[in-house]
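The structure appears below as structure tokens.
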């Protein structure tokens with residue numbers, strides 16, 4: 043009995059360590075962005091929803107803003123600034139009409155997510171990114187880091203919302 | 043040592059049982075909808091994202107469509123019909139302009155999630171809901187079930203997409 047219990051505990055402990063290591067090892071995929079050196083965080087497509095948005099004009103997209111567990115916790119607690127380890131993901135897809143839905147509604151009113159446009163991330167690391175409000179910014183087009191020119195614009199665009207720790211998106215109730 | 047190990051294992055086992063029971067007991071909240079008897083599934087706000095959408099016209103909303111684990115798995119595997127236990131949640135918020143964002147973009151183009159409008163669910167139970175394609179439909183306004191009249195319209199609206207098991211939303215890549 044004693045041996046069985048010991049083996050059981052050892053197996054659980056080992057499994058926990060392996061799970062933790064797997065998580066640590068798989069935290070990022072692919073190439074890093076210029077300037078900020080951010081890689082695509084693995085599993086971000088499964089993160090919890092912060093909010094949705096829609097940009098007209100040249101962007102013409104529908105957006106979902108997702109957050110890792112640290113981000114979601116900070117949002118729900120209204121905690122500012124966001125703690126180190128926060129990652130916010132902004133996914134976007136073309137804003138395309140749905141003929142199928144319009145037929146059901148009986149008028150042209152329905153828009154759905156078309157092909158993906160790009161994905162952006164904000165990664166909080168107050169030391170590493172001290173010169174840009176504690177945030178590393180990243181944009182990926184079809185899984186590849188966008189240019190240095192693109193990344194040069196991130197922080198200046200986010201500066202107007204310094205009072206909310208440079209984050210535009212509010213949590214959707 | 044033996045006693046400590048035993049207590050440890052017992053504590054872990056008890057915690058697991060309690061966590062399981064808490065999950066089982068908290069599967070639904072509040073009042074049930076007319077016709078289909080669906081309650082708000084607990085924790086749906088944390089479910090994974092299927093897609094986003096935008097309705098103009100009277101609805102004038104931004105939408106997020108989320109799914110429980112069974113739904114997400116079926117979507118990703120392209121499995122039709124959806125298996126019993128699938129729940130799809132459609133959240134919606136007023137489509138409101140963001141003056142804050144527009145200032146940054148330098149033009150009127152940005153819309154964000156305003157106050158929530160209503161939440162809808164599709165619950166797959168092929169026996170219980172055999173007469174409506176295997177789906178129970180639910181709408182909640184401010185957490186309260188919508189009227190019987192509202193629920194009478196659900197299935198007829200979803201019939202045109204019978205080929206996709208009565209589900210409009212496609213998974214956003």
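Residue numbers (the working numbering), protein chains in the order written: chain A, 43 to 215; chain B, 43 to 215.
We treat Cβ as the ideally placed atom computed from N, Cα and C, and that holds for glycine.
Within-8 Å CB hit, residue i to chain B
i                     : result
residue 66 (chain A)  : Only weak support exists for where residue 66 (chain A) lies, its pLDDT of 42 falling under 50; the coordinates are left without a value.
residue 78 (chain A)  : no
residue 135 (chain A) : yes
residue 88 (chain A)  : yes
residue 203 (chain A) : yes
residue 138 (chain A) : no
residue 91 (chain A)  : yes
residue 195 (chain A) : no
residue 185 (chain A) : no
Test: residue i CB closer than 8 Å to a CB of chain A
i                     : result
residue 214 (chain B) : yes
residue 143 (chain B) : yes
residue 83 (chain B)  : no
residue 111 (chain B) : no
residue 63 (chain B)  : Here residue 63 (chain B) scores only 45 on pLDDT, less than 50, and its place in the model should not be relied on; the value that follows carries that caveat. No, residue 63 (chain B) does not count as interfacial toward chain A.
residue 199 (chain B) : yes
residue 208 (chain B) : no
residue 132 (chain B) : no
residue 192 (chain B) : no
Reduced DSSP secondary structure (H/G/I, E/B, other) of residue i
i                     : result
residue 63 (chain A)  : Caution applies to residue 63 (chain A), whose pLDDT of 44 falls short of 50 and renders its modelled position unreliable; the value that the coordinates give is listed next. Looking at residue 63 (chain A) - three-state DSSP - the assignment turns out to be helix.
residue 150 (chain B) : coil
residue 105 (chain B) : strand
residue 71 (chain B)  : strand
residue 212 (chain B) : coil
residue 97 (chain A)  : strand
residue 115 (chain B) : helix
residue 138 (chain A) : strand
residue 132 (chain B) : strand
residue 202 (chain A) : helix
residue 81 (chain A)  : coil
residue 155 (chain B) : strand
residue 186 (chain A) : strand
residue 166 (chain B) : strand
residue 143 (chain A) : helix
residue 124 (chain A) : coil
residue 292 (chain A) : Chain A is shown only over 43 to 215; residue 292 (chain A) falls outside these bounds and no answer can be derived.
Contact set for residue i: own chain, Cβ-Cβ below 6 Å, skip 5 residues either direction
i                     : result
residue 27 (chain A)  : Look at the range of chain A in this structure, 43 to 215, and you will see that residue 27 (chain A) is not part of it.
residue 110 (chain A) : 89, 129
residue 100 (chain B) : none
Whole-Å CB distance - residue i paired with residue j, under 8 Å assumed
i                     : j                     : result
residue 94 (chain A)  : residue 104 (chain B) : 5 Å
residue 188 (chain A) : residue 165 (chain A) : With a Cβ gap of about 15 Å, residue 188 (chain A) and residue 165 (chain A) do not count as contacting.
residue 208 (chain A) : residue 80 (chain A)  : Going by Cβ atoms, the distance from residue 208 (chain A) to residue 80 (chain A) rounds to 15 Å, so no, they are not a contact pair.
residue 92 (chain B)  : residue 130 (chain B) : 7 Å
residue 153 (chain B) : residue 96 (chain A)  : 4 Å
residue 214 (chain B) : residue 155 (chain A) : 4 Å
residue 88 (chain A)  : residue 90 (chain B)  : 5 Å
residue 106 (chain B) : residue 106 (chain A) : 7 Å
Cβ-based neighbour list, residue i, same chain, cut-off 7 Å, excluding 5 preceding and 5 following
i                     : result
residue 112 (chain B) : 125, 127, 128
residue 102 (chain B) : 136, 137
residue 205 (chain A) : none
Contact set for residue i: own chain, Cβ-Cβ below 8 Å, skip 5 residues either direction
i                     : result
residue 185 (chain A) : 72, 82
residue 201 (chain A) : 175, 208
residue 115 (chain A) : 121
Could you list the residues in the stretch 151-169 of chain B with a C-beta less than 8 Å from some C-beta on chain A, going in chain order? Cβ contacts with chain A: 151, 152, 153, 154, 155, 157, 158.
Taking Cβ-Cβ distances below 8 Å as the criterion, which residues of the stretch 95-107 of chain B are in contact with chain A? Taking 8 Å as the Cβ-Cβ cut-off, the stretch 95-107 of chain B approaches chain A at 95, 96, 97, 98, 99, 101, 104, 105, 106, given in chain order.
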